Ligand SMILES: [Cu+2]
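Residue numbers (the numbering used here): 8 to 334.
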């Protein structure tokens with residue numbers, strides 16, 4: 008049993024120094040905060056209908072409406088008995104930061120057997136929470152069930168790590184976990200919604216109508232130097248791989264390419280078509296990986312999904328971006 012030092016006892020009068028001044032300041036804040044909490048308790052919302060409120064807050068959705076639908080992917084670190092376990096949840100900024108993690112089963116044992124999907128056993132998406140940094144990488148699995156991959160974490164900030172996989176004998180899952188990257192963080196606002204994006208001399212345009220809660224079709228068309236690209240190369244079993252995240256909470260959407268290379272009907276560009284289900288209205292960030300001339304590039308879009316059915320990207324006379332508006 009260790010006797011606490013005198014200075015740890017708030018009842019005593021220790022010599023005044025920076026530490027105790029700070030402690031006093033903290034206590035003062037706590038007192039103010041405590042008052043605020045007490046006031047909030049008194050003035051809290053709906054003080055008279057507590058029973059109905061409690062039932063609503065904790066009960067399952069039973070009306071069959073949108074609330075009853077399955078939760079989007081990526082919001083949970085544990086789902087269906089599987090857990091995404093990062094070896095470390097905090098690291099320092101750097102261009103070659105090693106990430107190690109495991110997928111644990113219900114017994115806490117690392118999963119070593121997976122069902123391959125889109126050419127890989129596991130897809131790892133790493134996104135800064137403001138969407139200003141994106142990586143889609145494929146870690147390597149060792150015999151003990153530990154995945155590892157180097158990440159480019161040059162830019163500090165809070166990141167979300169998504170593991171998209173199917174355990175042997177299970178359903179496909181996307182689990183998400185937070186990764187904090189220490190350093191100076193300069194969060195960026197979400198770019199405005201556009202129907203065209205440029206990357207390394209390529210222009211990608213977005214067309215389609217996205218309806219909240221329903222599978223919707225979007226087509227991304229690739230051109231270079233003003234000419235449609237018709238010789239896209241297969242990447243991950245398709246002519247493109249699309250990741251879509253809800254801006255407000257980074258919900259990870261289900262996206263499937265339509266058709267696949269070699270099926271006799273799916274062209275190698277310029278259009279790549281996907282089925283997307285947006286769980287709600289709101290802003291989404293889309294990241295399209297496509298391969299051409301041996302290089303994988305990523306085109307990024309902001310997509311605003313309105314309430315009800317409307318076109319995601321304007322078509323007709325209004326579709327041409329106004330001169331002087333960004334890219
Ligand atoms: Cu992947």
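Just so it is clear, CB atoms sit at the ideal spot from N, CA and C, and this is done for glycine as well.
As the structure is a computational prediction, the values presented were derived from the model and not from experiment.
Q. Can the beta-carbon of residue 228 be found closer than 9 Å to that of residue 219?
A. Start at 1 with the first residue of the chain shown, and residue 228 comes out as number 221. Start at 1 with the first residue of the chain shown, and residue 219 comes out as number 212. Contact: no.
Q.
Any contact between the segment 168 to 186 and the segment 116 to 129? By contact I mean 3 or more CB pairs, one from each, below 8 Å.
A. yes
Q. What do you reckon, are the CB atoms on residue 141 and residue 305 nearer than 9 Å?
A. Locating residue 141 in the chain shown gives position 134, where the first residue counts as 1. Locating residue 305 in the chain shown gives position 298, where the first residue counts as 1. Cβ atoms of residue 141 and residue 305: closer than 9 Å.
Q: Report yes or no: do the segment 147 to 167 and the segment 84 to 104 share at least 3 C-beta pairs separated by less than 8 Å?
A: yes
Q) DSSP three-state call for residue 313: helix, strand or coil? A) To locate residue 313, count along the chain shown from 1; it is residue 306. Looking at residue 313 - three-state DSSP - the assignment turns out to be coil, as it is neither helix nor strand.
Q.
Under 8 Å: does the beta carbon of residue 248 sit that close to some heavy atom of ligand 3?
A. Annotation note on ligand 3: not contained in the displayed structure, which lists ligand 1 as its ligands.
Q.
When you compare the CB positions of residue 280 and residue 266, do they come within less than 9 Å of one another, or not?
A. To locate residue 280, count along the chain shown from 1; it is residue 273. To locate residue 266, count along the chain shown from 1; it is residue 259. Result yes, Cβ atoms of residue 280 and residue 266 sit closer than 9 Å.
Q: Along the beta strand (DSSP E) that carries residue 124, what are the first and last residues, could you check?
A: In the chain shown, the residue the question calls residue 124 occupies position 117. Unbroken run through residue 124: none, as it is neither H nor E.
**Q.** Cβ-based neighbour list, residue 134, same chain, cut-off 6 Å, excluding 5 preceding and 5 following
**A.** Position 127 of the chain shown holds residue 134. These residues qualify, in order along the chain: 141, 167.
Q: Return yes when the C-beta of residue 180 is under 8 Å from any heavy atom of ligand 1, and no when it is not.
A: Stepping through the chain shown from its first residue, residue 180 is reached at position 173. False, no ligand heavy atom lies under 8 Å from that Cβ.
Q. Counting pairs of beta carbons, one from the segment 88 to 98 and one from the segment 177 to 197, are three or more of them closer than 8 Å?
A. yes
Q: Give me whichever residues DSSP pairs with residue 168 in a beta bridge.
A: Here residue 168 refers to the residue found at position 161 of the chain shown. The partner list for residue 168 (beta bridge, DSSP) reads 133, 184.
Q: Rounded to whole angstroms, what's the CA-CA distance from residue 217 to residue 288? Just pull it up for me.
A: For the purposes of this step, residue 217 is identified with residue 210 of the chain shown, where counting begins at 1. For the purposes of this step, residue 288 is identified with residue 281 of the chain shown, where counting begins at 1. Each residue's alpha carbon lies about 9 Å from the other.
Q: Kindly examine ligand 1 and report whether one of its heavy atoms sits closer than 8 Å to the Cβ of residue 143.
A: Mapped onto the chain shown, residue 143 falls at position 136. At least one heavy atom of ligand 1 is nearer than 8 Å to the Cβ of residue 143, so yes.
Q. How long is the line joining the alpha carbons of residue 248 and residue 296, rounded to whole angstroms?
A. Counting from 1 along the chain shown, the entry for residue 248 is found at position 241. Counting from 1 along the chain shown, the entry for residue 296 is found at position 289. Roughly 5 Å separates the two Cα atoms.
Q.
Let me check understanding here. Comparing Cα to Cα, which of 239, 137, 226, 113 lies closest to residue 292?
A. As a working mapping, residue 292 is identified with position 285 in the chain shown. If we check each option's Cα against that of residue 292, 137 comes out closest.
Q. With 9 Å set as the bound, which would you pick, yes or no: does the beta-carbon of residue 272 sit closer than that to a beta-carbon of chain C?
A. This model lacks chain C altogether; it includes just one protein chain.
Q.
Quick test of your reading: residue 156 and residue 131, contact by CB under 8 Å. State the CB separation rounded to the nearest angstrom.
A. Within the chain shown, numbered from 1, the residue matching residue 156 stands at position 149. Within the chain shown, numbered from 1, the residue matching residue 131 stands at position 124. Yes, they are in contact, since the Cβ atoms of residue 156 and residue 131 sit about 6 Å apart, within 8 Å.
Q: Compute the Euclidean distance between the alpha carbons of residue 314 and residue 158, then round it to the nearest angstrom.
A: In the chain shown, residue 314 corresponds to position 307, counting from 1. In the chain shown, residue 158 corresponds to position 151, counting from 1. Rounded to the nearest angstrom, the two C-alpha atoms are 37 Å apart.
Q | Distance between beta carbons of residue 154 and residue 147, contact taken as under 8 Å | A | Taking the chain shown and counting its residues from 1, one reaches residue 147 at position 140. Taking the chain shown and counting its residues from 1, one reaches residue 154 at position 147. The pair is a contact, with the Cβ atoms about 7 Å apart (cut-off 8 Å).
Q. For ligand 1, any of its heavy atoms closer than 8 Å to the Cβ of residue 131?
A. Taking the first residue of the chain shown as position 1, residue 131 is located at position 124. Checking every heavy atom of ligand 1 against the Cβ of residue 131, one is found closer than 8 Å.
**Q.** Backbone secondary structure at residue 158 - three-state DSSP
**A.** Here residue 158 corresponds to residue number 151 of the chain shown, with the count starting at 1. Of the three classes helix, strand and coil, the one that applies to residue 158 here is strand, per DSSP.
Q | Distance, residue 242 Cα to residue 310 Cα | A | Residue 310 sits at position 303 when you count from the first residue of the chain shown. Residue 242 sits at position 235 when you count from the first residue of the chain shown. Between residue 310 and residue 242, the C-alpha separation is close to 23 Å.
Q: Answer yes or no: the CB of residue 263 versus the heavy atoms of ligand 1, is any distance below 8 Å?
A: Counting from one through the chain shown, the residue named residue 263 turns up at place 256. Every heavy atom of ligand 1 is 8 Å or more from the Cβ of residue 263, so no.
(Q) Let's test the definition: count the other Cβ atoms within 10 Å of the Cβ of residue 312 and tell me whether it reaches 16, buried, or not, exposed. (A) Here residue 312 is taken as the residue at index 305 of the chain shown, counted from 1. Classification of residue 312: buried, given that the 10 Å Cβ count is 16 or more.
Q: Using the Cα positions of residue 78 and residue 111, report the straight-line distance between them to the nearest angstrom.
A: Along the chain shown, read from residue 1 onward, the residue named residue 78 stands at position 71. Along the chain shown, read from residue 1 onward, the residue named residue 111 stands at position 104. Going by the C-alpha atoms only, they are around 20 Å apart.
Q: Could you check the C-alpha separation between residue 107 and residue 170 for me, to the nearest Å?
A: Translated into positions along the chain shown, residue 107 becomes position 100. Translated into positions along the chain shown, residue 170 becomes position 163. Looking at the two C-alpha atoms, the distance is approximately 12 Å.
Q. With 16 other CB atoms within 10 Å as the buried threshold, where does residue 251 fall?
A. If you number the chain shown from 1, residue 251 lands on position 244. Counting Cβ neighbours within 10 Å, residue 251 comes out buried, since at least 16 surround it.
Q) Just to check, is the beta-carbon of residue 125 closer than 8 Å to a non-hydrogen atom of ligand 1? A) As a working note, residue 125 is residue 118 in the chain shown. Answer for residue 125: yes, Cβ within range of ligand 1.
Q) Candidates 81, 208, 255, 283: which alpha carbon is nearest residue 232's? A) Your numbering for residue 232 matches position 225 in the chain shown. Comparing Cα positions, the closest option is 208.
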